[in-house]
Amino acid sequence: MRRVIIIFFALACLGLSSGCEIVHTPVSLDTEGVEARVDYSMLQETLNEAVTDEGQLVVEIVKRRRPGLLEQVTLLAVTGPTITPEFFSTDMDRLAYWFNARAAWAIELPLRCEFSEDHAGERLLNRPFPLDGRMMTLCDIDAILLGDADLRTVAAAPGVHYDRAAMPLTVFSAEDIRGRIVERFGLFIDDPIRFKINVARKEVQVPSVIWNLRKQYVERHNHRFGTEGTDLLTALTWLVEGSAHRRLQNAVGYRLVGDNAPWCLAALLE
0 MRRVIIIFFA
10 LACLGLSSGC
20 EIVHTPVSLD
30 TEGVEARVDY
40 SMLQETLNEA
50 VTDEGQLVVE
60 IVKRRRPGLL
70 EQVTLLAVTG
80 PTITPEFFST
90 DMDRLAYWFN
100 ARAAWAIELP
110 LRCEFSEDHA
120 GERLLNRPFP
130 LDGRMMTLCD
140 IDAILLGDAD
150 LRTVAAAPGV
160 HYDRAAMPLT
170 VFSAEDIRGR
180 IVERFGLFID
190 DPIRFKINVA
200 RKEVQVPSVI
210 WNLRKQYVER
220 HNHRFGTEGT
230 DLLTALTWLV
240 EGSAHRRLQN
250 AVGYRLVGDN
260 APWCLAALLE
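First residue of the sequence shown: 0, per numbering that gives the first Met the number 0; consecutive thereafter.
Given below as structure tokens:
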């Protein structure tokens, strides 16, 4: 029977662990002889076997799939919009690349420290690794995604932390990336663990990936609808449908706080 492992750590303690220097050591990959091409099949095999319907990772399966995952990130190191622009002629090609790259490295980085509590969480966002012909971090990928016209994009990007949308079951493509951003953002808002609404206390803990952009969300809403004084939840409601929309609508008027609670790294263990 599978059980959920949730590893908590205090953000205030970041940088104090003896493992910090290890985590920030750049990842090294052997790319000699690897020919650039667009191929996400190795990531797809990992997602097929190791991700549950809820978007959580089965750690033991991920470990067994490690050779394929390493092959994938090595290929991504020599392929990308910067180093091989001829393969990424459209914005959607590039956006799909960054989503797939984030998914692959969001899995690979915790594996390199055995999903250790000391190394989990935000510090992994800043560990450099080879990608697109240069050294990058998950934060660098997020900075690129923040440049997208759709504010939902960065929150919809895949991760293994609850501050991002869940791991996908399939890789992203140029053909489906826009629709999946909309879908994944809705699922993110509708997730009671990722987007916490406390009815008893009439309080909403807004994930930092949305909270940090709250001014932009409100400005976009006001510009589109010609309104003023819009609150954040109202500004988000028109971006989602169904149960996610109802969750937000029912919570309009609640106290809003940025969710600065400890990050948690969640995975399943057989």
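Think of the CB as a built atom: it goes at the ideal place given N, C-alpha and C, for glycine as much as any other residue. Values in this document were obtained by computation on a predicted structure and should not be read as measured data.
In the DSSP assignment, M134 forms a beta bridge with P129.
I180 carries a helical assignment under DSSP once its states are collapsed to helix, strand and coil. Of the candidates A173, L168, F184, the residue whose Cα lies closest to the Cα of L42 is L168. Secondary structure note for P84: it is in no alpha helix (DSSP H), with a DSSP letter that is neither H nor E.
G185 has no beta-bridge partner at all, per DSSP. DSSP, read as helix, strand or coil, puts P25 in coil. The C-alpha of T73 is placed about 8 angstroms away from the C-alpha of P129. Of all alpha-carbon atoms in L235, E107, V256, the one lying nearest the alpha-carbon of E202 is that of V256. Note on A199: under 16 other CB atoms within 10 angstroms of its CB, so exposed under the neighbour-count rule.
Shown here for R133: same chain residues with a beta carbon closer than 8 angstroms to its own, the five before and five after excluded, namely T81, I82 in chain order. Per DSSP, K201 lies in no beta strand (DSSP E) and is assigned neither H nor E. R65 counts as exposed, since fewer than 16 other beta carbons sit within 10 angstroms of its beta carbon. Taken through DSSP and simplified to helix, strand or coil, R111 comes out as coil. For V50, the pairing in a beta bridge is given by DSSP as L56.
Remark: C-beta atoms of L150 and Y96 do not approach each other more closely than 7 angstroms. Contact between the stretch 225-234 and the stretch 242-257 is present: three or more C-beta pairs spanning the two stretches fall below 8 angstroms. Contact between the stretch 151-171 and the stretch 52-63 is present: 3 or more CB-CB pairs across the two stretches fall below 8 angstroms. The C-alpha of V239 lies about 7 angstroms from the C-alpha of F184. DSSP places D92 in the helix class (H, G or I) of the three-state scheme.
When the beta-carbon positions are compared, L69 and T45 stay at least 7 angstroms from each other.
When beta bridges are read from the DSSP output, L255 appears opposite V203. DSSP places Y216 inside the alpha helix (DSSP H), whose first and last residues are 213-224.
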